[in-house]
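J.: The numbering used here applies: residue 9 is where the sequence shown begins, and numbers increase by one. For each residue, glycine too, the CB sits at the ideal point set by N, CA and C. Quick one: this structure, given as structure tokens, is what I'll be asking you about.
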Amino acid sequence: MSETPRSRETGGDTSTGLPQHRTGHAFAHTPHRSDSRSPQTPRGARQPDPGGRPGTIPPVPGRPTTPLLIAAVCGLLFSLVTWQVLVAGPLLTPDHAVSRALVRTLPDSVTERLSDLGNIPVAVPVLALAMACAARRGRVLAAGAAGLAMALVPALVIPFKEWTARPGPLEPWAAGYFPSGHTATAAVAYLGAALLVRPYTRRAWPTAVALVLTGATAVGLVLRGWHWPLDVLASLLLCTPLLLGVAWADRAGRFGRFGRLSRRSRRRSSG
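Listed below in structure tokens is the structure:
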């Protein structure tokens, strides 16, 4: 007896029956629920990208081209300013003019308080507190990088002070004013602390406060006559690569090899 198409379809051999509707490969492994709600498994919760492939969350970090470029520019500008100080170049003419126009425009009691923001007993404890908070939450690499940056401040500033031997605006008989150690200390301490604290606040106010404190220190030093404007500018240029290193270490510590945020960092950041 020959089989009809219907008997072949309803029998045990379905390979020669009518063609069956099959879903595409992209949906073959996607779990479905009968109640139309999203599945609870991590695989099912992923949203495909435009090409149909599962997305990666968070995005994979790219190469640090921009920070390296910024660090290189800061290094070149710092070298230029240092060369002008050594040879008494033309940049010192507007530097002296700005200093003469600004010195003692505010009461010394005000400018001295602003300058004191760059003292080690004032600025360094702020960074130490932020380092302890970050280390306690598992960001040991970022905390260590911030501490290393602060340790490098005197190691970089003191040799340049001795090499340039620049006199001060109100003390021409003295030497060792370039670059400004107070400005460098304030920049690394306050901005480094902001880099360590900002992931927990999820706001921009730590960076804004750090910029205000660093700027207030630099302004106080210039208005008081303790440093030339180029002194504080050179310190900011010198410290920018150090702060970029802290930011890179923080990102490298919080993200794994493939750019995924580590579970420990997520747990401690949300805790």
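#1: Can you list, in chain order, the stretches of the alpha helix (DSSP H) that have 4 or more residues and sit fully within the region 88-130?
#2: How many whole angstroms separate the CB atoms of T154 and M139, which I take to be in contact at a CB cut-off of 8 Å?
#3: Excluding sequence positions up to five away, which residues of its chain have a Cβ less than 6 Å from the Cβ of H29?
#4: Pull up the distance between the alpha-carbon of R259 and that of L137, whole angstroms please.
#5: Taking V81 as the reference, which of L244, R121, R210 has the closest Cα?
#6: Our contact map puts L238 next to V89 with C-beta atoms below 8 Å; I'd like the distance itself, whole angstroms only.
#7: Any idea if E17 is buried or exposed, counting beta-carbon neighbours within 10 angstroms, 16 or more meaning buried?
#8: For L178, count neighbouring Cβ atoms within 10 angstroms of its own Cβ and tell me buried if that reaches 16, exposed if not.
#9: Between G200 and L122, is the Cβ-Cβ spacing less than 9 Å?
#10: Can you give me the start and stop residues for the alpha helix (DSSP H) that A216 sits inside?
#11: Report the three-state DSSP secondary structure of G189 (helix, strand or coil).
#12: From the DSSP output, in three-state form, read off G152 for me.
#13: Can you check which of these residues, C247, T113, G97, is closest to P187 by C-alpha distance?
#14: Thinking just about the alpha-carbon of each residue, which of G261, A257, R262 is nearest to the one in L156?
#15: Between P207, S117, T193, V205, which has its C-alpha nearest G223's C-alpha?
#16: Taking the alpha-carbon positions, what's the Q92 to R145 distance?
T.: Working from what's here:
#1: 100-110, 116-123
#2: Here residue 154 is taken as the residue at index 146 of the sequence shown, counted from 1. Here residue 139 is taken as the residue at index 131 of the sequence shown, counted from 1. The displayed chain sequence assigns Ala, not Thr, to residue 154. With a Cβ gap of about 5 Å, A154 and M139 count as contacting.
#3: To locate residue 29, count along the sequence shown from 1; it is residue 21. Here H29 scores only 49 on pLDDT, less than 50, and its place in the model is too uncertain to base an answer on.
#4: Here residue 259 is taken as the residue at index 251 of the sequence shown, counted from 1. Here residue 137 is taken as the residue at index 129 of the sequence shown, counted from 1. Going by the C-alpha atoms only, they are around 20 Å apart.
#5: As a working mapping, residue 81 is identified with position 73 in the sequence shown. For V81, the nearest C-alpha among the options comes from L244.
#6: The residue labelled residue 238 in the question sits at position 230 within the sequence shown. The residue labelled residue 89 in the question sits at position 81 within the sequence shown. Contact holds; Cβ gap of about 6 Å.
#7: Within the sequence shown, the letter at position 9 stands for residue 17. Here E17 scores only 45 on pLDDT, less than 50, and its place in the model is too uncertain to base an answer on.
#8: Locating residue 178 in the sequence shown gives position 170, counting from the first residue. L178 comes out exposed.
#9: Residue numbering aside, residue 200 sits at position 192 when the sequence shown is read from its first letter. Residue numbering aside, residue 122 sits at position 114 when the sequence shown is read from its first letter. Taking 9 Å as the Cβ cut-off, G200 and L122 do not qualify as a contacting pair.
#10: The residue given as residue 216 occupies position 208 in the sequence shown. From DSSP, the alpha helix (DSSP H) with A216 extends over 213-232.
#11: If you number the sequence shown from 1, residue 189 lands on position 181. DSSP places G189 in helix when its eight states are reduced to three.
#12: As a working mapping, residue 152 is identified with position 144 in the sequence shown. Reduced to three states, the DSSP call for G152 is helix.
#13: Taking the first residue of the sequence shown as position 1, residue 187 is located at position 179. Considering only alpha carbons, the answer is C247.
#14: The count along the sequence shown starts at 1 and reaches residue 156 at position 148. That would be A257, whose Cα lies nearest to the Cα of L156.
#15: As a working mapping, residue 223 is identified with position 215 in the sequence shown. Measuring from the Cα of G223, the nearest candidate turns out to be T193.
#16: Here residue 92 is taken as the residue at index 84 of the sequence shown, counted from 1. Here residue 145 is taken as the residue at index 137 of the sequence shown, counted from 1. So the alpha carbons of these two residues sit roughly 45 Å apart.
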